[in-house]
Amino acid sequence: MKLVQHPGEMADLSALWRQEGRKIALVPTMGSFHDGHLALMGQARQLGDRVVVSLFVNPIQFGPGEDLAAYPRDLQKDRGLAASVGVDVLYAPSAQEMYPPGFQTTIRVAALAKGLCGASRPGHFDGVCTVVMKLFQQIMPHLAIFGEKDFQQLAVIRRMTRDLDLAVSIIAHPTVREESGLAMSSRNGYLQEGEKEQALCLYRAICFARELVKTSPFPLAAADVCGQIAENINTTPGCVVEYVEIVDADSLESCETINNNSRLILAVTVNRKVRLIDNAGLVEL
Ligand code: PAF
681 MKLVQHPGEM
691 ADLSALWRQE
701 GRKIALVPTM
711 GSFHDGHLAL
721 MGQARQLGDR
731 VVVSLFVNPI
741 QFGPGEDLAA
751 YPRDLQKDRG
761 LAASVGVDVL
771 YAPSAQEMYP
781 PGFQTTIRVA
791 ALAKGLCGAS
801 RPGHFDGVCT
811 VVMKLFQQIM
821 PHLAIFGEKD
831 FQQLAVIRRM
841 TRDLDLAVSI
851 IAHPTVREES
861 GLAMSSRNGY
871 LQEGEKEQAL
881 CLYRAICFAR
891 ELVKTSPFPL
901 AAADVCGQIA
911 ENINTTPGCV
921 VEYVEIVDAD
931 SLESCETINN
941 NSRLILAVTV
951 NRKVRLIDNA
961 GLVEL
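In structure tokens form, the structure reads like this:
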């Protein structure tokens, strides 16, 4: 596996692959790889002839007071893990080269980026879209794989790709969970052992909502289910709900009643320091 650190070198390599007729699959990441990332890389290996994993802790998607400085970084470990699943190129550019002096362009997806995580993280999705667009330009992938764990991010990227006529297929990979049900995330590394148990309140909320939907003889009011979930979580010691919503999986607009396309989506803070997100469809199809 090759480590590429300069945008120009990456673009040259991708241009060569395209000339050779290779299909390029991209997995965009911020590193600190866990089994969830490795599953995305495995899918990229199946779908593409050349697999590029980008590793870039994107400063412009972090707000003031967020965890940019603390975000876990271990290039050597990540390098070994990516190589072990057959990645061709680990692309790890520097912030200086991604955002040279004078950089001032932003991509904004308006409505989809507003609510949910966008409400408490203003500008977050602008930062995500801008960096993903830059990665697409540099790597010129035929397809890019994003985890469903960041469901709003996936919806926003899909919208950007359609709106700007980008010739990249966006592939969703289902959330990878620990045996306990906890969704895998680099931020789980901030949790102490005991806190992992508290963090399970998100997965429990999903199971609770699915069970309600499964056993109800009539369509459930989304607001009632969200209210019960919020109450359950807020009574879990140390856990505070930031939001719990049941939305349409495509528009991300709130549902009145739960239907086949409804998605439960939630953000919770554990012990005031670790912010976790999760989501799931509620109707077994
Ligand atoms: O999901 C992430 O890891 C990041 O938001 C992404 C898509 C790599 C953009 O920095």
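With this note's numbering as the guide, the letters of the sequence shown map in order to residues 681 to 965. Cβ atoms here follow ideal geometry from the backbone N, Cα and C, with glycine treated the same way.
- Excluding residues up to 5 positions away in sequence, 758, 761 lie with their Cβ nearer than 6 Å to the Cβ of residue 713 in the same chain.
- Just measuring C-alpha positions, the residue of 953, 795, 930, 885 sitting nearest residue 942 is 930.
- For residue 768, same chain residues with a beta-carbon under 6 Å away, outside a window of 5 residues either side, are 730, 731 in chain order.
- The criterion of a C-beta distance shorter than 8 Å is satisfied by residue 737 and residue 710.
- In this chain, the alpha helix (DSSP H) harbouring residue 687 covers 687-699.
- Nearest to residue 862 by alpha-carbon distance, out of 924, 744, 887, 852, is 887.
- If you check the C-beta of residue 709 against the ligand PAF, you find a heavy atom less than 7 Å away.
- A contact between stretches requires three or more CB pairs, one per stretch, nearer than 8 Å, and the segment 864-876 fails this requirement with the segment 886-901.
- Only residues of its own chain outside the window of five on either side were considered, and among them 748 have a CB closer than 7 Å to the CB of residue 742, listed in chain order.
- Between residue 787 and residue 825, the CB-CB gap reaches or exceeds 8 Å.
- Nearest neighbour of residue 683 by Cα position, chosen from 774, 751, 700, turns out to be 774.
- Taken atom to atom, the span from the alpha-carbon of residue 916 to that of residue 750 is near 26 Å.
- Selection 844, 891, 877 evaluated against residue 859 yields 877 as nearest (Cα-Cα).
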